[in-house]
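Note sheet for the following structure.
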Amino acid sequence: MLSKNRMIGSVVILLAVGCHAKDLRTSSPTARLIVDQASVMPLDQPKQLARFPSIDVVDAAPPPIVPVAYERPDENADRSAVDNQKDQENADSSNRQSAGKPTTQASSEEDTPSDTGAAARSNLQDTDDHQRDPLPQGSYRLVLDDVISSVHQSYPLLEVAYLENDLACGYQLAAWGAFDTKLKASSENGPLGFYQTYRHGAGFNTPVYQGGEVFGGYRVGRGSFQPWYLERQTNDGGEFKAGVRLPLLANRTIDARRAELWRATYDVQRTQPEIRSQLILFVRDATVAYWNWVAAGQQYDIGQRALVLAERRNTQLERRVELGDIDPPVLKDNLRTLALRESKLIDRERKREQAAIKLSLFYRDASGTPLVADSTTLPTFPDPRPASIEQRDMDIPLALSQRPELLVLDAQHQRARVDLAEACNDSLPAVDAMFTGSQDMGEPTSSKRDKSPFELEASLYLDVPLQRRKACGKMQVARAKLAQIAAKRQFTEDKIVAEVQYAFTALSASYERLDRARDARELAEYMADVERRKFDLGQSELLSVFLREQYAIEAADYEVESLLDYFSARADYAAALARDWPRYDEADPSPPTEAPMNLE
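Going left to right, the sequence shown walks through residues 987 to 1586 as our numbering numbers them.
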C-alpha cells in the first residue's frame, strides 16, 4: 500500500510539472491579454490613437529579448549605398508611399542575454582601415567624403551616443536579474533547553519566463522536537521537496518581471534611431563646416588676387611717374589701396584658418586626433544643380519613412502599451495553483513511520483587490501616455513635412540667387576691365578704377557666399531626408581652379 501511494503521488506531480513544461515550450511568443473594451479604453477615445494599432485587445507581445547592440555603419557599405542612391530613388519613386517600416527579427524567448554592451564598446574601439597616406603637397584635395567618414569613425560625441546603447543594455541585463535562480540555505540550532533541535536546509527558487516559478530543496531536522512542531522532524536521510507554482489568471501572460524586461528591451531598441538622429545632425554640422572652409579659402583667393593686381599696377605707376606721365599723388593713392588690400587679406587668412580649426572638430584621424586641414588641400565648389518640385514631392514620403524620430515614438508607444497591459493584468484576480511533492529518506525517526510515505500537496490561492484603484490609476496613466505619443507623432510628421518644404524653399532660393550673383560678378568684372582700359588711355581716374575693382571684389565675395548658402541648404535638405551620408557631387580632387573673380 505504501509503494502504491508513492507511485500514485509520483505520477501526479510528474504530470503536473510535465504539463507546465509543455505549456512553457508551446506557449506563443505573443502573449495576449483579452480584456473588456470598456475597461481598457474610455468612451471618448482620442482620434489620434487610430494612427497606432488598436488597443482594444491589449497586446502584451514581448519584443526581441536579446536585441543586437547598435553597430557603427560600415564605411564601404555606406559609400556603396551613396553611389547607388540616385538610381535606387528613381527605381522606387512609385513605391515610396507604401514603404514599410524596418522590422526586427525576434530572438528565442529561451535565449540568454549576451554581452551587447561589450559588443558595442568593441565596435567603438574599431578603427577605420582606410588610412590617409601622406601625399606630396598640392596633389591631394580634401573632399567631403573624407570628413563624413571621419565623423562616422572618430567623432567623440557620436561615441557618446553609441554608449547610450551600452547604458540601455545594462538596464536590460538588470531586468533579466528578476529571472535569476535564487539559492537559499539556513541552519537553525537549539542546543540548550528542554527541547534540543538541529535543523538545516538548502533550496532554490527559479522564476519561469512564461509565468510562475519552480522550486525545490532539501532539509534535515534532528533532535527532540516540541509535539506541536513534529513536522520539522525528518527521517535520518532528510527530506527532498520539489514543486511548481502556476498562475491561472493574473500574471499568466504578463507580470511585473516580464513587463520590466520588455520596457528595458524597448529602451534598447529606442537607442538605435536616437543614435542615427544624432549621426544625421553631426553629419549636417560637419558638412556645413566643410563648405565654410571651402568658402573661406575661395574668399582668401579673391583677396590675394586683388592684392596681386594692385601690386602689378603699382609697378606700372612707378614707371609712369618716372616718365612724368602721371603725378606722384596718384602713386600714393595706389599705395593706400595696396595697404588696405594687404590688411583685408590678413583678415581673410584669419577666417580661413579659423574655418579649418572648426572643421578639425569633425575631421579626425583614426585615433580621434583633430586634423587641421592645410590650405593646399582646398578644393573648389562643385557645380550646383537646380531642385525640382517633383523631386520634393517624392522626397516627402521618403522622409516620413526614414526619419528616426518616428521610430523613437514607435518604441515609446510600444513601451506604453506594455504599461497598459500590466495595468490590466493588475486588475485581474490572482489565482495560483501550487503542487508540491516531498519524500523523506533513510531510517524512520518515528515508530509510526509517518515521515516515510511520499507526500503530495495541491493548493489553490486567491488574491483579488476589491477596489482595484491601483490598477485603474495605472490604466489611466497608460492611456494618457498613449494619447500623448499619438499627438506627438502627428506633430512630428507635420514637422518633418515642414522641414522638407522649408529646406527645399531655401535650396531653390539659394540656387536662383546664385544665378543672379554670378551675373552680377561677370558684369562687375567687365566694368572693372573697361575702367582699367580707360585709365590706361588717360580717359579715367584711378579713383574710378578703385571703385570698379571694389565692386568686382564685393560681387565675387557675394557669389562665394551664395555658393555657401546653396550647399548649406543642400546639407539641411539631406538632413531633412534622414541621410547620414549625403551625396553632393563633391569637389573635384584636382588642383583648384581660380576663385570666381577675374580682374586681370
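For every residue, glycine included, the Cβ atom is placed at its ideal position computed from N, Cα and C.
Which residue or residues does DSSP assign as beta-bridge partners of residue i?
| i | result |
| --- | --- |
| S1173 | H1186 |
| P1356 | R1350 |
| Q1425 | F1226 |
| Y1447 | D1418 |
| E1441 | S1424 |
| K1481 | Paired residues: none, contrary to the question. |
| K1168 | N1191 |
Comparing alpha-carbon positions, which option in the options lies nearest residue i?
| i | options | result |
| --- | --- | --- |
| S1447 | T1422, A1416, Q1476 | Position check: residue 1447 holds Tyr in this sequence, whereas Ser was assumed. When only C-alpha atoms are compared, the closest one is A1416. |
| Q1284 | D1558, Y1559, P1568, A1542 | A1542 |
| Q1487 | E1260, Y1559, S1329 | Y1559 |
| P1370 | L1295, V1546, L1309 | V1546 |
| L1563 | F1521, S1445, L1265 | L1265 |
| F1421 | V1230, Q1462, A1466, A1489 | V1230 |
| A1242 | A1164, P1314, T1220 | A1164 |
| A1466 | W1279, L1549, D1405, R1499 | D1405 |
| F1589 | A1510, Y1544, R1565, K1227 | The chain is shown only over 987 to 1586; residue 1589 falls outside these bounds and no answer can be derived. |
| Q1212 | I1240, R1403, Y1276, G1176 | G1176 |
| W1567 | Y1126, R1350, V1129, S1135 | S1135 |
| G1289 | R1556, L1216, Q1536, P1439 | Q1536 |
| F1348 | D1271, R1299, I1375, S1374 | D1271 |
| E963 | A1397, S1432, E1508, E1391 | Look at the range of the chain in this structure, 987 to 1586, and you will see that residue 963 is not part of it. |
| R1350 | R1127, D1132, L1235 | D1132 |
Is it buried or exposed, residue i, if we count other Cβ atoms within 10 angstroms and call 16 or more buried?
| i | result |
| --- | --- |
| Q1425 | buried |
| G1179 | exposed |
| W1214 | exposed |
| E1246 | buried |
| P1365 | buried |
| I1332 | exposed |
| E1517 | buried |
| V1146 | exposed |
| I1240 | buried |
| K1437 | buried |
| Q1302 | exposed |
| R1336 | exposed |
| R1305 | exposed |
| V1137 | buried |
| S1554 | buried |
| D1258 | Residue 1258 is actually Gln in this sequence, not Asp. Under this definition Q1258 is a buried residue. |
| Y1181 | exposed |
| Q1398 | buried |
| Q1023 | With a pLDDT of only 31 at Q1023, under 50, the local geometry of the prediction cannot be trusted, and no value is derived from it. |
Does DSSP put residue i in a helix, in a strand, or in coil?
| i | result |
| --- | --- |
| F1348 | coil |
| S1496 | helix |
| Q1525 | coil |
| G1289 | helix |
| Y1252 | helix |
| K1434 | coil |
| I1020 | Per-residue confidence for I1020 stands at a pLDDT of 30, beneath the threshold of 50, marking its modelled position as unreliable; the derived number appears in the next sentence. Reduced to three states, the DSSP call for I1020 is coil. |
| Q1536 | helix |
| W1567 | coil |
| G1453 | Note that residue 1453 is Gln in the sequence shown here, rather than Gly. In the structure shown, Q1453 sits in coil (DSSP, three-state: anything other than H, G, I, E or B). |
| Y1157 | helix |
| Y1181 | coil |
| R1127 | coil |
| G1283 | helix |
| G1310 | coil |
| L1364 | coil |
| Y1512 | helix |
| Y1141 | coil |
Just to check, is the beta-carbon of residue i closer than 7 Å to a non-hydrogen atom of the ligand NAD?
| i | result |
| --- | --- |
| L1393 | The ligand NAD is not among the ligands present in this structure, which contains no ligands whatsoever. |
message: As an exercise, report each continuous alpha helix (DSSP H) stretch of at least 4 residues that is fully enclosed by the stretch 1186–1243, in chain order.
response: Here no run is fully enclosed.
Exercise. Could I get the ranges of all uninterrupted alpha helix (DSSP H) runs contained in the stretch 1366–1425, with 4 residues as the minimum, in chain order?
Key: 1375–1388, 1390–1412
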